Structure formats: structure tokens, C-alpha cells
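Residue numbers (this note's numbering): 70 to 164.
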């Protein structure tokens, strides 16, 4: 003879199945969002690396442009002269 299920047992069984399905879909959704965030983070990290490389390159260019030889060359081309005897000197304080 077959035992008949009560209303509570069938409700519990349906509730369990629905809960498992929702849990599985929730896990899939969380992993998808995490993957999306990881891709975004990777793109931003690549952009940061590129910008840092550009900054380093610009700093090197700046150092080259402000070197004494470069400044003297530009000054000469503009008609300015550099006088070497215009050097300041200091004397020590007397005790």
C-alpha cells in the first residue's frame, strides 16, 4: 500500500527544490558579477600601467630639456650669452 503525502510534505519538497534552484542561480550570478568586476579591474590596471609609463617618459623628457646644455643651447639660439665669471662666492662667518 502506498503512503499518501500530506500537504506539508509536498510543500516542503517543492520549497526545497525552489530553494536549491534559487541558490544555484544566485551562485552563478555572483560569479558572473565577480568576473565582470575582475575584467574591469584588469582594464583599469592596464590603463594605470600605461599612464605610469607615460609619466616616466615625460619625466625623462623634462630632465633632458632642463639640462644645462639644452638651456645654454636654447639661450644661445635666442641671442643670450652665458657669462662664466658671474659666479657667486661666499665666505665663512668669523667666529
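We put the CB at the ideal spot given by N, CA and C, even for glycine. Nothing here was measured: the structure is a model prediction, and the numbers come from that model.
Between the CA atoms of residue j and residue i - distance to the nearest angstrom
{"i": "residue 125", "j": "residue 145", "result": "29 Å"}
{"i": "residue 75", "j": "residue 90", "result": "23 Å"}
{"i": "residue 86", "j": "residue 114", "result": "42 Å"}
{"i": "residue 95", "j": "residue 117", "result": "33 Å"}
{"i": "residue 98", "j": "residue 106", "result": "12 Å"}
CB contact check: residue i to chain C, cutoff 8 Å
{"i": "residue 91", "result": "Reference to chain C is not applicable here, since this structure consists of a single protein chain."}
4 or more residues per run - each alpha helix (DSSP H) lying fully within the region 121-156 = Counting whole runs of 4 or more residues, the region 121-156 contains the alpha helix (DSSP H) stretches 137-146.
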